[in-house]
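Asker: I'd like to ask some things about the structure below.
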Amino acid sequence: MKKIISLLTDFGTFYPAIMKGVIFKINPDVEIIDITHSVNRIKEGAFLLRSCINYFPDGTIFVVVVDPGVGSRRNILIVDGKIDNSPKILIGPDNGILSLAIAEMDSYKVYQAFNKKYFLKDVSRSFHGRDIFAPIAAHISKGVSIDEIGKTCSKFEKLDIFLKINSREIIGEVLYIDDFGDIITSIPNNLINDIKTVEFNDRKINIYDTYSDVKKGDLLVLKGSHGRVELAMNAGNAAKFLGIDIEDKVTLKVINAYS
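Under the working numbering, read the sequence shown as residues 1050 to 1308, first letter to last.
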């Protein structure tokens, strides 16, 4: 089976193609899978990585480049870990974007990349995705030991994901808004197990199992497939309707609960 390298970036158009070219020049036998290149925030990228990682085959290498600090003194990390006994490798900047996936791992080692032998010869200050991240991934996919590329480290940046629980309300933040306008929050699904109705922005919204449980154009709250509570609208865009953006706070006031 071919080694898989997956790419998750904020690069948009042609930059990912350049990264793929670099990878294929080093290892033409690898398979590359695009997760997305339309990430806007570090927390958004961290959520997407965490949501995807369990579903990829053993040994997948995840290259994650949402890197506002490119060219600065921030470290470049390589994480060698296991989730449910499935080996995974993460490569990305030390800005917290890897931390939610690392938190899911049963065991892991974190390395700082330092061996320039495995970078491109001329490293740009503004395109480390091409010059550092892509070649590192390609060399690892060919069997180069991570110990040869980096040195172990004990500290790395961790994201602070907001979640607060009071007696009658749950407060989280928006981690992601999908292309349908569904609002995915930081609130774990189990926190709404016993709740029928919540109030959000002075609107009473019922909790349902599926989008089709409500009429078209109606709002609902549901347990999302990624383990987090979602606000959605059947056949509509909840984010636009409610004026919600990523990292906004979301307060769900409990109106009606199961006895």
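Virtual Cβ for every residue (Gly too), placed ideally from N, Cα, C. Quantities reported herein were computed from a predicted structural model and do not represent experimental measurements.
1. Going by CA-CA distance only, name the one from Asn1124, Ala1150, Ile1125 and Arg1122 that's closest to Lys1131.
2. Does DSSP put Ala1152 in a helix, in a strand, or in coil?
3. For the beta strand (DSSP E) holding Arg1277, just list the boundary residues, first then last.
4. Residue range of the beta strand (DSSP E) that Phe1111 falls in?
5. Got a sec? Which residues, its chain only, sit under 6 Å from Asp1129 by beta carbon, not counting five neighbours each side?
6. Taking C-beta to C-beta, are Leu1301 and Val1223 nearer than 8 Å?
7. Tell me which residues share the same chain as Asp1107 and place their Cβ nearer than 6 Å to its Cβ, disregarding the 5 neighbours each side in the sequence.
8. Suppose the cutoff is 6 Å on Cβ atoms and the five residues either side in sequence are ignored; what does the same chain contact list for Lys1272 look like?
9. Which residues in the same chain have their Cβ closer than 8 Å to the Cβ of Phe1290, if we skip the five residues on either side of it in sequence?
10. When the distance is taken between beta carbons, is Lys1265 closer than 8 Å to Tyr1307?
11. Measure how close the beta-carbons of Ile1125 and Gln1161 come, nearest whole angstrom, since I'm counting them as under 8 Å.
12. Between the Cα of Gly1061 and the Cα atoms of Asn1089, Val1193 and Leu1212, which residue gives the shortest distance?
13. Would you call the region 1053 to 1069 and the region 1165 to 1178 touching, i.e. three or more CB-CB distances under 8 Å?
14. Helix, strand or coil for Leu1271, going by three-state DSSP, please let me know.
15. Looking at Tyr1225 and Phe1096, is the spacing between their C-beta atoms short of 8 Å?
16. By Cβ distance below 6 Å, which residues in the same chain neighbour Val1114 in space, the five residues on each side in sequence not counted?
17. Mind checking who Asp1083 pairs with in its DSSP beta bridge?
18. Give the DSSP bridge partners of Leu1126, in chain order.
19. Confirm the yes/no value for this check: CB of Lys1298, any heavy atom of the ligand SAH, distance under 7 Å.
20. Tyr1167: buried (16+ other C-beta within 10 angstroms of its C-beta) or exposed?
21. Exposed or buried, which one is Asn1144 when buried takes at least 16 other CB atoms within 10 Å?
22. Quick check on this structure: which residue in Leu1098, Leu1169 and Gly1141 has the alpha carbon closest to the alpha carbon of His1275?
23. Pick out whichever of Val1303, Asp1294, Leu1280 and Val1071 has its Cα sitting closest to the Cα of Leu1169.
24. Return the first residue and the last residue of the beta strand (DSSP E) that Glu1222 is part of.
Answerer: Straight from the coordinates:
1. The residue given as residue 1131 occupies position 82 in the sequence shown. When only C-alpha atoms are compared, the closest one is Ala1150.
2. Taking the sequence shown and counting its residues from 1, one reaches residue 1152 at position 103. The answer is helix: DSSP assigns Ala1152 an H, G or I state.
3. Here residue 1277 is taken as the residue at index 228 of the sequence shown, counted from 1. That run of the beta strand (DSSP E) goes Arg1277 to Met1282.
4. Residue mapping note: residue 1111 aligns to position 62 of the sequence shown, counting from 1. Residues Thr1109 to Val1114.
5. Your numbering for residue 1129 matches position 80 in the sequence shown. Cβ neighbours of Asp1129 beyond the five flanking positions: Ile1138, Lys1158 and Ile1195.
6. Position 252 of the sequence shown, counted from the first residue, corresponds to residue 1301. Position 174 of the sequence shown, counted from the first residue, corresponds to residue 1223. No.
7. As a position in the sequence shown, residue 1107 is number 58, starting the count at 1. If we look at Asp1107 and ignore the five residues flanking it on each side, its Cβ neighbours are Ser1135 and Pro1136.
8. Within the sequence shown, numbered from 1, the residue matching residue 1272 stands at position 223. The answer, listed in chain order, is Asn1238.
9. Indexing the sequence shown from 1 puts residue 1290 at position 241. So the list reads Gly1230, Leu1268 and Met1282, once near-sequence residues are dropped.
10. Here residue 1307 corresponds to residue number 258 of the sequence shown, with the count starting at 1. Here residue 1265 corresponds to residue number 216 of the sequence shown, with the count starting at 1. Cβ atoms of Tyr1307 and Lys1265: not closer than 8 Å.
11. For the purposes of this step, residue 1125 is taken as residue 76 along the sequence shown, with counting starting at 1. For the purposes of this step, residue 1161 is taken as residue 112 along the sequence shown, with counting starting at 1. Correct: roughly 7 Å between the Cβ atoms.
12. Start at 1 with the first residue of the sequence shown, and residue 1061 comes out as number 12. Taking only the C-alpha atoms, the option nearest Gly1061 is Asn1089.
13. yes
14. Taking the sequence shown and counting its residues from 1, the one referred to as residue 1271 is at position 222. Looking at Leu1271 - three-state DSSP - the assignment turns out to be strand.
15. Position 47 of the sequence shown holds residue 1096. Position 176 of the sequence shown holds residue 1225. Against a cut-off of 8 Å, the Cβ pair of Tyr1225 and Phe1096 comes out as a contact.
16. As a first step, residue 1114 must be located in the sequence shown, where it is residue number 65. If we look at Val1114 and ignore the five residues flanking it on each side, its Cβ neighbours are Thr1058, Gly1178 and Phe1182.
17. Taking the sequence shown and counting its residues from 1, the one referred to as residue 1083 is at position 34. According to DSSP, which records beta bridges pairwise, Asp1083 is partnered with Leu1056.
18. Walking along the sequence shown from the start, residue 1126 turns up at place 77. In the DSSP output, where bridge partners are listed per residue, Leu1126 has Gly1141 and Gln1161.
19. In the structure on display, the ligand SAH does not appear, and there are no ligands present to speak of.
20. Position 118 of the sequence shown, counted from the first residue, corresponds to residue 1167. Buried, since its Cβ has 16 or more Cβ neighbours within 10 Å.
21. Translated into positions along the sequence shown, residue 1144 becomes position 95. Burial call: buried.
22. For the purposes of this step, residue 1275 is taken as the residue at position 226 of the sequence shown. For His1275, the nearest C-alpha among the options comes from Leu1098.
23. Position 120 of the sequence shown, counting from 1, holds the residue named residue 1169. Looking at the Cα atoms, Val1071 is the closest of the given residues.
24. Taking the first residue of the sequence shown as position 1, residue 1222 is located at position 173. Glu1222 -> beta strand (DSSP E) spans Glu1218 to Ile1226.
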